[in-house]
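S.K.:
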Amino acid sequence: MHNNSEDLIQRVLTQIASASVSIDRNIEQILGVMREHLQMDVAFVSEFGSRDRVFRHVINPTGRVVLSRGDSMPMEAGYCPRVVDGRLPSLIPDTSRLPEAMGLPETMSVPIGSHISVPIRLSDGSVYGTFCCFSFEAKPGLDERDLHVMRALAQLVSLQVQGDIDAVRLHNEKLRRISSVLEMGQPRTVYQPIYRLHDRALIGVECLSRFDMEPKRPPDVWFNEANEIGLGMRLEINAMLTALQGLRGMPGDFYVSVNISPQTLVTQNILGHLDVIDAGRLVLELTEHALVEDYPALQTTIKHLRAAGVRFAVDDAGAGYSSMRHILTLHPEIIKMDISLTRDIDHDRARQAMAAALVGFGRQTGSHVTAEGIETREELEALQSLGVGQGQGYYLSHPLKHDDLRALLQADAVLG
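Just so you know, we're using the numbering used here here: the sequence shown kicks off at 1276 and counts up by one.
Structure (C-alpha cells):
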C-alpha cells in the first residue's frame, strides 16, 4: 500500500536538520508526515504517567474527535497501554476483525477503524509513551512495511523527547547549583590591589568573586550558568553587595572597582545598594563581552550614576570589538588594558604599539589606562615606558582576603 519508506524517513530527517525550530515543532513535523503517509485521520504522542497518560502532541485536522494537546485519560483506558504490554498488536488494519479491540468502548465511540502504535523508549530503556495513528475507517492495506516506518520515526521522536528531558534535567541541575550558591551567601570576595606605577601607591582595589563550592570552576562559569537560568543579575548584585560590605570600615580612601554587566546596570537600582560606600569611590567595571542591544538606555543609566559620583571602567580593552565599542560610546574614566596585551609586552612590538595607542587615546579623552595581569618586572617597566599609569597583577600583589587587605592598608598608613 505505501511505498518509498526510506524516502519518507529521509524526508523527515531533512526537514528536522534544515529547520531551526523547537523540539515540539520537530515532533509535530514527524507526526504530520506519518499521518499523511499512512492516510490516517489522527496522530499523537502520549506520555505515560503513574495514573494517566497525557497527549503531548496531537495532529487532529478533521476535528471529528475531541482530542487536543494537553488532554489526558486514565492509563487503563484506550489502545496504547495495551499495545505496550502486549494485549493488543502494534498494527491493527481493521479493528472489526480483532475481538480485543471491539471490546474497548473507544472503538465505537471515537470511532477507531484502524490503529497503529509503537512505544517510545528512552535511552535507559524505559517507556516514555507511545507514537500512534488511527483512522475512523478500516485500512486493510496497512502492513508490516508501514509498521517498520512507524518504528523508525518513533526512534526519531524518542531522540527529540530525550533531548527535551535532558535539557530539563540540565536546567534543574543548574537551578539547584545556583540556588545553593545564593542560599550560602556565595560568592566570597578577594580584593586585588591597583597601584599607581611610578610610586607603587595603592589607589584602588578590584573586587573579584570566588566560589567555595563544588564543582570547582572559574567564576565566569558560575556567572554564565546563572545567566542561562535567569538568575545572573541576582548573583551579580549578591556579589557586589558582599564585596562592598566587606570594605565597611576599611582605612583609606582608595577607589573600589566592581564588575557588572550592562544588563544588570540598566535594569537594577544600583544607587539603592550604595549605602555602604561613598558613590565617589565606586568604579563600575563593565564586563559584558556580548554586544549591547540598547546603548541609549545604557548611556542614560551611566549619566544618572555619574551625576551621583560613580565612575566607570571598560574591561578587556584590546581583546575584542565589544570592549572597544564600549570605550568609544560610553567614554569611561578608566580603560583596563586586557591581560592579552600585557603578557610579554616587554619584547612584543605589536603589543607595545597597541598599548601606546590606548595610552594616547586615554590622554585625548581624559581616561586613565590600567594594565591588567602584570606578572614580571620587565612587563612593568615596559608599561611604564609606554606611559601606562596604573596597573594590577601578581607581580604587584596577588588578590587579598579581607583581613590581608586590612593589614596592608594599615601598614601603608603607618609608613605614610
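The C-beta atom is built at its ideal place from N, Cα and C for all residues, glycine as well.
#1: In chain order, what residues of the same chain lie with their CB nearer than 8 Å to the CB of V1332, ignoring the 5 residues before and after it?
#2: Which residues does DSSP pair with V1393 in a beta bridge?
#3: Output the distance between the C-alpha atoms of L1684 and R1463, rounded to the nearest integer angstrom.
#4: How far does the alpha helix (DSSP H) with A1625 in it reach, from first residue to last?
#5: Of all the options A1427, Y1570, A1682 and T1517, which has the alpha carbon lying nearest to the alpha carbon of D1550?
#6: If you draw a straight line from the C-alpha of H1601 to the C-alpha of V1558, how long is it?
#7: For D1487, which residues in the same chain have their Cβ closer than 7 Å to its Cβ, ignoring the five residues on either side in sequence?
#8: Can you tell me where the beta strand (DSSP E) holding S1692 begins and where it ends?
#9: Looking only at C-alpha atoms, which of L1616, V1533, M1525 and R1444 sits nearest to S1484?
#10: Determine the direct distance from the alpha carbon of F1587 to that of V1329, and round the result to whole angstroms.
#11: Mind checking A1682: buried by the 16 CB within 10 Å criterion, or exposed?
#12: Is DSSP giving Y1570 helix, strand or coil here?
#13: Expressed to the nearest angstrom, what Euclidean distance is found between the alpha-carbon atoms of R1471 and F1529?
#14: G1666 bridges to which residues according to DSSP?
#15: Answer yes or no: do K1676 and V1465 have a C-beta to C-beta separation smaller than 7 Å?
#16: Out of R1509, D1553 and V1531, which has the shortest C-alpha to C-alpha gap to T1539?
#17: Around the Cβ of Q1467, are there at least 16 other Cβ atoms within 10 angstroms (buried) or fewer (exposed)?
#18: Kindly indicate which residue of I1391, T1337 and G1584 has the alpha-carbon position closest to the one of L1417.
#19: Along the chain, where does the beta strand (DSSP E) containing H1332 start, and where does it finish?
#20: When every heavy atom of the ligand SAM is checked, does at least one fall within less than 6 Å of the C-beta of S1455?
#21: Using the Cβ count rule (16 or more neighbours within 10 Å means buried), how would you classify H1423?
#22: With a cut-off of 8 Å on the beta carbons, I'd call V1393 and T1405 a contact; round off their distance for me.
#23: Return the bridge partner residues of C1482 from the DSSP annotation.
#24: Do E1647 and Q1627 have their CB atoms nearer than 7 Å?
#25: Do you know how far the Cα of Q1430 is from the Cα of G1388?
#26: Apart from the five residues on each side of it in sequence, which residues of its chain come closer than 6 Å, Cβ to Cβ, to S1347?
#27: Start and end of the alpha helix (DSSP H) containing S1384?
#28: Between the beta-carbon of D1741 and the beta-carbon of D1591, is there less than 7 Å?
#29: Pick from M1377, L1450, I1552 and F1636: whose alpha carbon is nearest that of A1583?
#30: Are the beta-carbon atoms of L1661 and V1634 separated by less than 7 Å?
#31: On the criterion of 16 or more Cβ atoms from any shown chain inside 10 Å, does T1542 qualify as buried, or is it exposed?
#32: Can you tell me the Cβ-Cβ gap for V1359 and V1402, rounded? I've got them flagged as a contact below 8 Å.
#33: Going by beta carbon distance, what residues of the same chain come within less than 8 Å of Y1670, once the five residues before and after it are set aside?
#34: Select from F1411, G1361 and L1373 the residue whose C-alpha is nearest the C-alpha of S1384.
#35: Can you tell me the Cβ-Cβ gap for R1357 and L1363, rounded? I've got them flagged as a contact below 8 Å.
#36: Taking 8 Å as the limit between beta carbons, can you name the residues of its chain near R1310, skipping five residues before and five after?
M.R.: Let me lay it out:
#1: As a first step, residue 1332 must be located in the sequence shown, where it is residue number 57. This sequence places His at residue 1332; Val is not what is there. D1299, I1302, E1303, L1306, F1319, V1320 and R1344.
#2: In the sequence shown, residue 1393 corresponds to position 118, counting from 1. Paired residues: F1406.
#3: Stepping through the sequence shown from its first residue, residue 1684 is reached at position 409. Stepping through the sequence shown from its first residue, residue 1463 is reached at position 188. Looking at the two C-alpha atoms, the distance is approximately 20 Å.
#4: Residue mapping note: residue 1625 aligns to position 350 of the sequence shown, counting from 1. Where A1625 is concerned, the enclosing alpha helix (DSSP H) starts and stops at R1624 to T1640.
#5: Sequence index remark: in the sequence shown, residue 1550 carries index 275 (1-based). The candidate whose alpha carbon is nearest that of D1550 is T1517.
#6: Taking the first residue of the sequence shown as position 1, residue 1601 is located at position 326. Taking the first residue of the sequence shown as position 1, residue 1558 is located at position 283. Answer to the nearest angstrom: the Cα atoms are 15 Å apart.
#7: Along the sequence shown, read from residue 1 onward, the residue named residue 1487 stands at position 212. So the list reads Q1461 and R1463, once near-sequence residues are dropped.
#8: Outside the shown range of the chain, which is 1276 to 1691, sits residue 1692, and nothing can be said about it.
#9: Locating residue 1484 in the sequence shown gives position 209, counting from the first residue. Measuring from the Cα of S1484, the nearest candidate turns out to be V1533.
#10: Your numbering for residue 1329 matches position 54 in the sequence shown. Your numbering for residue 1587 matches position 312 in the sequence shown. Their Cα atoms are separated by approximately 54 Å.
#11: Within the sequence shown, numbered from 1, the residue matching residue 1682 stands at position 407. So A1682 ends up on the exposed side.
#12: As a position in the sequence shown, residue 1570 is number 295, starting the count at 1. It is helical.
#13: The residue you call residue 1471 lines up with position 196 of the sequence shown. The residue you call residue 1529 lines up with position 254 of the sequence shown. Between R1471 and F1529, the C-alpha separation is close to 11 Å.
#14: If you number the sequence shown from 1, residue 1666 lands on position 391. Y1470 and A1646, per the DSSP bridge assignment.
#15: Mapped onto the sequence shown, residue 1676 falls at position 401. Mapped onto the sequence shown, residue 1465 falls at position 190. Going by C-beta atoms, K1676 is nearer than 7 Å to V1465.
#16: Taking the first residue of the sequence shown as 1, we reach residue 1539 at position 264. Checked all of R1509, D1553 and V1531; the closest Cα to T1539 is R1509.
#17: Numbered from its first residue, the sequence shown carries residue 1467 at position 192. Buried, because 16 or more other Cβ atoms sit within 10 Å of the Cβ of Q1467.
#18: Your numbering for residue 1417 matches position 142 in the sequence shown. Comparing alpha-carbon positions, the option among I1391, T1337 and G1584 lying closest to L1417 turns out to be I1391.
#19: Working through the sequence shown from its first residue, we reach residue 1332 at position 57. Run containing H1332: D1327 to I1334, per the beta strand (DSSP E) assignment.
#20: Judged by which ligands are present, the structure shown has none, so any question about the ligand SAM falls away.
#21: Position 148 of the sequence shown, counted from the first residue, corresponds to residue 1423. Exposed, because fewer than 16 other Cβ atoms sit within 10 Å of the Cβ of H1423.
#22: Here residue 1393 refers to the residue found at position 118 of the sequence shown. Here residue 1405 refers to the residue found at position 130 of the sequence shown. Right, the Cβ-Cβ distance comes to about 7 Å (below 8 Å), so this counts as a contact.
#23: The count along the sequence shown starts at 1 and reaches residue 1482 at position 207. BP columns for C1482 point to Y1466 and V1533.
#24: Numbered from its first residue, the sequence shown carries residue 1647 at position 372. Numbered from its first residue, the sequence shown carries residue 1627 at position 352. No, they are not a contact pair.
#25: Within the sequence shown, the letter at position 113 stands for residue 1388. Within the sequence shown, the letter at position 155 stands for residue 1430. In a straight line, the C-alpha of G1388 is about 25 Å away from that of Q1430.
#26: Here residue 1347 refers to the residue found at position 72 when the sequence shown is read from its first residue. For S1347, where only same-chain residues beyond five positions count, the Cβ hits under 6 Å are D1327 and V1329.
#27: On the sequence shown, residue 1384 is found 109 positions in, with the first residue counted as 1. Looking at the DSSP string, the run of the alpha helix (DSSP H) that includes S1384 is P1380 to S1384.
#28: Since the first residue shown for the chain is 1276 and the last is 1691, residue 1741 is missing from the structure and cannot be characterised.
#29: By one-based count along the sequence shown, residue 1583 stands at place 308. Looking from the CA of A1583, the closest CA among M1377, L1450, I1552 and F1636 belongs to I1552.
#30: By one-based count along the sequence shown, residue 1661 stands at place 386. By one-based count along the sequence shown, residue 1634 stands at place 359. Result yes, Cβ atoms of L1661 and V1634 sit closer than 7 Å.
#31: Here residue 1542 is taken as the residue at index 267 of the sequence shown, counted from 1. The residue is exposed, with fewer than 16 neighbouring Cβ atoms inside 10 Å.
#32: Within the sequence shown, numbered from 1, the residue matching residue 1359 stands at position 84. Within the sequence shown, numbered from 1, the residue matching residue 1402 stands at position 127. Yes, V1359 and V1402 are in contact; Cβ-Cβ is about 6 Å, under 8 Å.
#33: The residue you call residue 1670 lines up with position 395 of the sequence shown. Closer than 8 Å at the Cβ level, and outside the excluded window around Y1670, lie I1649, E1650, T1651, R1652, E1654 and L1655.
#34: The residue you call residue 1384 lines up with position 109 of the sequence shown. The shortest Cα separation from S1384 among F1411, G1361 and L1373 belongs to F1411.
#35: As a first step, residue 1357 is located in the sequence shown; it is residue number 82 there, counting from the start. As a first step, residue 1363 is located in the sequence shown; it is residue number 88 there, counting from the start. Right, their Cβ atoms sit about 4 Å apart.
#36: Residue 1310 sits at position 35 when you count from the first residue of the sequence shown. The residues are D1316, V1317, A1318, I1334 and C1408.
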